[in-house]
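Asks:
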Amino acid sequence: MSGSEASFIDSPELRASYELCAAEIRQFLAPMWKATGVLPAAIRPHVLAVNGFTVHSDRIADEGGTRQVREERFARWRSDTLEELRTGRSEHPLRRAFVDTVRRWEIDHALVEEFLDTTRADCASPPAFETFADQRRYMRGIAGTTNEMWMSALDVRGPQALALASVLGEVCQLVDIFEDLPVDLAAGRCYLPRADLRRLGLEVGDLRRGERRELLDELVDIQLGRWRDLLEQAMPVGGMVSPEYQPFLHTVLLGAWMQFDEVTLRKSRVFVDGMEPLTSTGAARRRPAWPLAGVVPGHIGVIMDGNRRWATQRTLPVSRGHQAGGQAAMRLVNAALRLGVRNLSIYAFSTENWDRSQEELAALFDTMADGIAQGTEWLHELGVRVRWCGRRDRIDPSLASALRLVESLTSNNDVLSLTLCVDYGGRDELTDAARALAAEAVAGTIRPEDIGPADLARNMYAPGLPDIDLLIRTSGEQRVSNFLPWHLAYAELVFDPTPWPDFGLAQLREALTTYAGRRRRFGGTLPGPARPVEPAPAP
């Protein structure tokens with residue numbers, strides 16, 4: 214713990230307690246440890262104290278001895294905790310930091326009691342939720358209360374913000390349920406609503422054995438539909454806190470979205486194979502590509518359209534649409550990695566976008582700069598190489614700096630090449646390339662009659678960028694909008710009606726399925742990728 218983190222601590226014992234909570238999270242809840250890294254140093258220990266207490270409480274209820282032994286041990290833990298909250302002091306090595314945080318931030322004791330009572334009930338008997346409403350009450354009691362507690366440490370008190378924090382907690386608990394499915398099923402615990410199983414004629418044993426795959430896929434789809442609804446409800450919470458806390462909430466939301474996409478990919482296999490957390494040691498987990506039937510395009514271009522319409526439909530500020538779009542871009546990178554795509558180019562800001570209001574441009578540049586800065590380490594850990602394609606003389610300095618930094622840091626990565634088209638226009642690129650060739654001709658370094666396609670290509674903004682195999686445009690528009698015209702010459706086009714912030718792995722996989730069904734002839738009579746051989750230049 215750094216000096217700035219520990220400035221509020223007035224005793225060695227309290228300092229040691231906060232460090233113990235941090236160690237608990239680092240060992241047993243690595244994704245949260247990773248997320249708290251973007252919090253201000255003065256707030257981070259308090260969020261870790263809340264989560265350290267709840268994680269340790271859960272381990273007391275779940276680990277070691279018979280159910281009766283665990284019940285008795287947890288009853289003492291609950292009683293001691295509530296008594297210490299009443300007195301405002303604790304001598305327990307871990308609870309001391311939690312009690313201190315509750316006192317400092319005036320966290321409602323009822324939240325702590327609700328969490329402890331829900332955990333005690335889960336310890337006493339295997340869960341048996343009849344309906345989704347019953348499941349939600351459990352998720353609220355475990356993770357919703359936890360989130361409300363640390364939201365108080367972020368100095369957010371309004372009922373709407375706390376309610377959305379609780380929904381975000383439910384989302385996080387759903388992530389935990391799916392990550393632990395095989396282990397829980399093997400122990401006779403099923404956290405899915407029994408009504409859903411009965412509706413499909415399934416027994417808990419079918420889930421444990423992974424049998425009746427089509428019905429299990431349908432069961433997962435039902436859960437994913439509810440999961441998406443909760444994610445949609447929780448998303449505005451990121452805009453209800455001060456700017457210094459927003460990256461933390463956006464990181465938590467993004468992690469939940471990525472695990473949602475992972476379940477979308479795995480479907481019924483999750484019951485037997487399970488699903489790894491996004492991170493196990495604080496570093497991003499690089500998962501191998503998921504095998505798909507058919508040919509996977511080597512290079513996908515994406516026109517990310519619909520941020521503003523998405524926000525308008527939800528009566529949200531345009532800036533919130535751009536924030537949601539930034540998260541969708543990170544999800545797209547993760548989805549591309551999972552599906553085995555090697556090259557991805559996205560249209561982030563066009564030369565025509567300068568016509569928007571100064572207010573929107575400022576918000577957009579801030580969002581992009583923050584998103585790139587926050588995602589740089591993650592992209593690097595996953596082996597993504599980032600390139601900036603576009604004009605470099607007009608963009609906001611903070612955004613330009615973030616782009617140059619991520620480009621430099623990731624230059625030697627080779628798992629996925631991500632091209633960010635920022636202040637990009639296809640006609641400008643071709644004009645600049647032609648101007649460069651004209652200068653070479655004037656200088657005598659090339660003869661006009663020797664100029665070929667390769668000469669033009671090497672003068673593009675991103676030399677060596679391969680041709681696009683598949684172009685995807687979201688939000689229903691059906692045009693290419695001056696996006697990489699040289700590279701789109703023989704691309705297959707897919708127009709998806711989904712607004713960009715809602716575009717995820719399911720939509721990308723559907724586009725890849727459409728692509729795999731196309732017959733590409735490149736102007737010939739046989740399917741590609743054969744191309745005619747260019748004649749050798751005259752001597």
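If you count the sequence shown from 1, position 236 lands on 449 in my numbering, and the numbers rise without skipping.
Even glycine gets a Cβ: it sits at the ideal position worked out from N, Cα and C.
1) Can you give the Cα-Cα distance for R280 and S270, rounded to whole angstroms?
2) Quick one: grab the DSSP three-state call for A254.
3) Where does Y637 sit, in a helix, a strand or coil, going by DSSP?
4) Leaving out five residues before and five after Q386 in sequence, what residues of the same chain have Cβ atoms less than 7 Å from its Cβ?
5) State the DSSP-derived secondary structure class of R744, mapped to helix, strand or coil.
6) Restricting to Cα atoms, I'd like to know which of A548, T494, R732 is closest to A243.
7) Drop a sphere of 10 angstroms on the beta-carbon of Q571, count the other beta-carbons inside from all chains shown, and report buried for 16 or more, exposed for fewer.
8) Less than 8 Å between the CB atoms is what I'm expecting for W699 and L643, so what's the real figure, rounded?
9) Any idea what DSSP makes of N174, helix, strand or coil?
10) Take every Cβ of the region 716-726, pair it with every Cβ of the region 470-490, and state whether three or more of those distances are shorter than 8 Å.
11) What residue from A337, R317, V384, L329 has the CA that sits closest to S365's CA?
12) Exposed or buried, what is T687 when buried is set at 16 or more other beta-carbons lying within 10 Å of its beta-carbon?
13) Using a 10 Å radius around the Cβ and a threshold of 16 neighbouring Cβ atoms, would you call G639 buried or exposed?
14) Shortest alpha-carbon distance to H535 belongs to which of L491, G452, P501?
15) Secondary structure at A751, three-state DSSP: helix, strand or coil?
16) Bridge partners for H512 per DSSP, in chain order?
17) So, helix, strand or coil for A561, using DSSP?
18) Under 8 Å by Cβ, that's how I've got S624 and R607 pegged, so tell me the actual separation to the nearest angstrom.
19) What separation, rounded to the nearest whole angstrom, lies between the Cα atoms of E747 and Q540?
20) Is E218 helix, strand or coil when you go by DSSP?
21) If we call anything under 8 Å between Cβ atoms a contact, is V450 one with A374?
22) Measure the C-alpha to C-alpha separation of I238 and P510 and round it to an integer number of angstroms.
23) Verify whether the separation of the beta carbon atoms of L415 and L443 is less than 8 Å.
24) Can you name the start and end residues of the alpha helix (DSSP H) that I435 belongs to?
25) How many Å lie between R732 and R402 at the Cα?
26) Does DSSP put I685 in a helix, in a strand, or in coil?
27) Beta-carbon within less than 7 Å of A262's beta-carbon, same chain only, minus the 5 sequence neighbours each way: which residues are those?
28) Can you check DSSP and say which residues form a bridge with E705?
29) Could you check how far apart the C-beta atoms of W601 and L633 are, in whole angstroms? I think they sit under 8 Å.
30) How is the beta strand (DSSP E) around R598 delimited, first residue to last?
31) So the candidates are N264, E594, L612, P610; which of them puts its Cα closest to the Cα of N626?
32) Mind checking G265: buried by the 16 CB within 10 Å criterion, or exposed?
33) Residues in the same chain with beta-carbon distance under 8 Å from A502, minus the five sequence neighbours each way, listed in chain order, please.
34) Going by DSSP, what residue range makes up the alpha helix (DSSP H) through C385?
35) Can you grab the Cα-Cα spacing for the pair R825 / L295, in whole Å?
36) Beta-carbon within less than 7 Å of A656's beta-carbon, same chain only, minus the 5 sequence neighbours each way: which residues are those?
Replies: Short version:
1) 15 Å
2) coil
3) strand
4) M352, I355, A356
5) For R744, the predicted structure reports a pLDDT of 41, less than 50, and the residue's modelled location is therefore unreliable. A value from the coordinates is still provided. R744 falls in the coil class under three-state DSSP.
6) T494
7) exposed
8) 7 Å
9) Residue 174 lies beyond the residue range present for the chain, which begins at 214 and ends at 752; the question has no answer from this structure.
10) yes
11) R317
12) buried
13) buried
14) G452
15) With a pLDDT of only 35 at A751, under the threshold of 50, the placement of this residue in the model should not be trusted, and no figure is reported.
16) N556
17) strand
18) Not confirmed; about 23 Å, so no contact.
19) In this predicted model, E747 has a pLDDT of only 40, less than 50, meaning its place in the structure is not dependable; the value taken from the coordinates is given anyway. Those two C-alpha atoms are separated by around 43 Å.
20) Caution is warranted here: a pLDDT of 48 is assigned to E218, below 50, making its placement in the model unreliable, and the coordinate value is therefore given only provisionally. Looking at E218 - three-state DSSP - the assignment turns out to be coil, as it is neither helix nor strand.
21) yes
22) 40 Å
23) no
24) 426-447
25) 48 Å
26) strand
27) Y231, C234, A310, F311, T314
28) L683
29) 6 Å
30) 597-602
31) E594
32) buried
33) L550, R551, L552, G553
34) 372-392
35) For residue 825 there is no data in the structure shown, the boundaries of the chain being 214 and 752.
36) none
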